[in-house]
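Worksheet: one structure, shown below.
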């Protein structure tokens with residue numbers, strides 16, 4: 458139990474004293490609201506344009522810090538500023554979330570990705586829960602209505618930065634909207650929305666997760682079958698890990714232990730399949746059959762976000778199944794990540810490494826650095842460790858394993 462406590466305190470210190478000061482010092486737009494996220498590792502700005510993708514994710518982070526970690530006036534003020542910015546400038550006349558604006562909110566590029574709408578729902582829901590703001594919930598519900606209509610017409614909407622191949626179902630959409638709809642349904646007391654989220658969660662675990670292949674596929678065909686093409690063979694380990702732990706939230710309170718165990722199995726397989734045996738770290742992309750070429754660009758690179766997602770996933774898996782592999786893999790991910798990604802003297806993490814672990818400026822998806830995957834991974838890890846500690850403290854000694862025990 459003491460090792461869980463020490464880990465919780467370490468991660469909390471890293472979040473509150475190192476990671477978040479980077480953002481509060483360098484990124485807040487005091488003039489127009491919102492954050493600058495076209496930003497370098499040292500905090501200097503590349504430009505002042507604002508990707509709405511990043512603004513809505515930052516709204517989640519600063520709201521979650523206030524609701525889940527501790528309430529600070531500075532974080533509340535930043536969350537308020539982000540909300541006012543996206544409320545004024547985030548959507549077009551159809552209610553679709555735009556892609557890119559100037560610092561003052563004037564639109565540079567309109568809707569380019571329905572995934573932005575998923576982050577908007579998540580950010581608005583978290584802000585509503587943190588502040589009680591009814592307008593945030595209203596906008597989230599309006600977004601749900603537009604999203605549901607568009608999702609009923611596959612391939613009719615853009616999905617930047619990763620276009621969906623024609624005729625294939627994308628895991629990423631089911632992953633994102635399973636959680637977004639689930640959280641919105643809970644917050645709004647809407648059983649229909651909650652059911653939509655769970656239906657997408659079942660798609661994730663029953664169709665994109667292929668236990669016989671030990672793979673979480675990025676694409677399946679319209680009948681949920683495996684497609685033996687470069688696109689169909691695509692596996693993104695970080696997406697699989699992230700998607701699997703999302704389902705702990707989606708099916709929370711349903712009594713579906715079978716789905717919890719399926720999520721645990723998926724997390725373990727993604728870790729085992731995605732780990733680089735030569736240099737360590739998780740590959741960005743893979744071919745499920747080990748063939749060439751690999752569809753996912755820059756697939757051998759080591760990005761920060763799969764590792765920040767893997768940390769809470771391992772802890773949540775241990776909370777669910779108490780298997781030794783969960784803590785063994787947590788330590789492996791933790792040690793690799795903290796040895797390579799943090800930027801000494803600046804507090805945040807660098808985002809991209811070559812396969813051998815060298816920092817690199819290669820653009821992978823968007824030219825942004827935003828406060829989301831790392832803070833969220835730390836928040837979820839801290840929350841999970843708090844629950845674990847509470848459970849262990851309420852049980853007689855000797856009933857549960859601790860991080861120091863040998864992995865089987």
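Numbering (the numbering used here), first residue to last: 458 to 865.
The beta-carbon is built from N, C-alpha and C at its ideal position, and this holds for glycine as well.
When the options are compared against residue i, the one with the closest alpha-carbon
i: residue 809; options: 776, 480, 761; result: 761
i: residue 512; options: 577, 467, 476; result: 577
i: residue 820; options: 833, 789, 759; result: 759
i: residue 567; options: 773, 574, 530, 557; result: 557
i: residue 786; options: 770, 579, 649; result: 770
i: residue 468; options: 479, 843, 529; result: 843
i: residue 835; options: 466, 595, 535; result: 466
i: residue 478; options: 490, 458, 532, 521; result: 532
i: residue 661; options: 651, 650, 673, 669; result: 673
i: residue 552; options: 838, 605, 501; result: 605
i: residue 777; options: 645, 837, 714; result: 714
i: residue 667; options: 837, 796, 470, 726; result: 726
i: residue 590; options: 637, 682, 520; result: 520
i: residue 581; options: 537, 798, 608, 569; result: 537
i: residue 636; options: 681, 679, 699, 646; result: 699
i: residue 697; options: 678, 743, 682; result: 743
Residue i - containing alpha helix (DSSP H), residue span
i: residue 678; result: Counting along the chain, residue 678 falls outside any alpha helix (DSSP H), though it belongs to the beta strand (DSSP E) covering 676-678.
i: residue 801; result: First-last for residue 801: undefined, no H or E at that position.
i: residue 826; result: Careful: residue 826 lies outside any alpha helix (DSSP H) and carries neither H nor E.
i: residue 694; result: 694-707
i: residue 605; result: 591-608
i: residue 478; result: 477-483
i: residue 626; result: Careful: residue 626 lies outside any alpha helix (DSSP H), inside the beta strand (DSSP E) at 625-627.
i: residue 713; result: Looking at the DSSP string, residue 713 is not in any alpha helix (DSSP H), and its letter there is neither H nor E.
i: residue 464; result: 459-470
i: residue 651; result: 648-660
Segment limits, beta strand (DSSP E) that includes residue i
i: residue 566; result: 564-566
Through-space distance from residue j to residue i, alpha-carbon basis
i: residue 653; j: residue 723; result: 22 angstroms
i: residue 865; j: residue 572; result: The predicted position of residue 865 is uncertain, since its pLDDT is 29 and thus under 50; a value taken from the coordinates is nonetheless stated next. One C-alpha to the other measures close to 39 angstroms.
i: residue 504; j: residue 474; result: 26 angstroms
i: residue 826; j: residue 554; result: 20 angstroms
i: residue 734; j: residue 641; result: 40 angstroms
i: residue 499; j: residue 763; result: 22 angstroms
i: residue 626; j: residue 756; result: 21 angstroms
i: residue 710; j: residue 643; result: 11 angstroms
i: residue 610; j: residue 603; result: 12 angstroms
i: residue 685; j: residue 593; result: 43 angstroms
i: residue 613; j: residue 629; result: 16 angstroms
i: residue 595; j: residue 514; result: 18 angstroms
i: residue 804; j: residue 632; result: 30 angstroms
i: residue 863; j: residue 782; result: With a pLDDT of only 30 at residue 863, under 50, the local geometry of the prediction cannot be trusted, and the value read off the model is given with reservation. Looking at the two C-alpha atoms, the distance is approximately 9 angstroms.
i: residue 449; j: residue 665; result: Residue 449 lies beyond the residue range present for the chain, which begins at 458 and ends at 865; the question has no answer from this structure.
i: residue 689; j: residue 784; result: 32 angstroms
i: residue 846; j: residue 775; result: 12 angstroms
i: residue 712; j: residue 829; result: 30 angstroms
i: residue 564; j: residue 597; result: 20 angstroms
i: residue 747; j: residue 691; result: 10 angstroms
Whole-angstrom C-beta distance between residue j and residue i, which should lie under 8 angstroms
i: residue 752; j: residue 687; result: 4 angstroms
i: residue 543; j: residue 516; result: 7 angstroms
i: residue 841; j: residue 739; result: Actually they are not in contact, since the Cβ atoms of residue 841 and residue 739 sit about 20 angstroms apart, beyond 8 angstroms.
i: residue 587; j: residue 524; result: 4 angstroms
i: residue 535; j: residue 481; result: 7 angstroms
i: residue 832; j: residue 494; result: Their Cβ separation, rounded to whole angstroms, is 13 angstroms, which puts residue 832 and residue 494 out of contact at 8 angstroms.
i: residue 508; j: residue 849; result: Wrong, their Cβ atoms sit about 41 angstroms apart, outside the cutoff.
i: residue 669; j: residue 694; result: 18 angstroms between Cβ atoms; not a contact.
Per DSSP, cross-strand counterpart(s) of residue i
i: residue 809; result: 760
i: residue 744; result: 691
i: residue 876; result: There is no way to answer for residue 876, as the model of the chain reaches only from 458 to 865.
i: residue 667; result: 672
i: residue 558; result: 507, 564
i: residue 548; result: 554
i: residue 732; result: 739
i: residue 496; result: 502
i: residue 816; result: 810
Any non-hydrogen atom of the ligand NAD within 7 angstroms of residue i CB
i: residue 751; result: This structure does not include the ligand NAD; it has no bound ligands of any sort.
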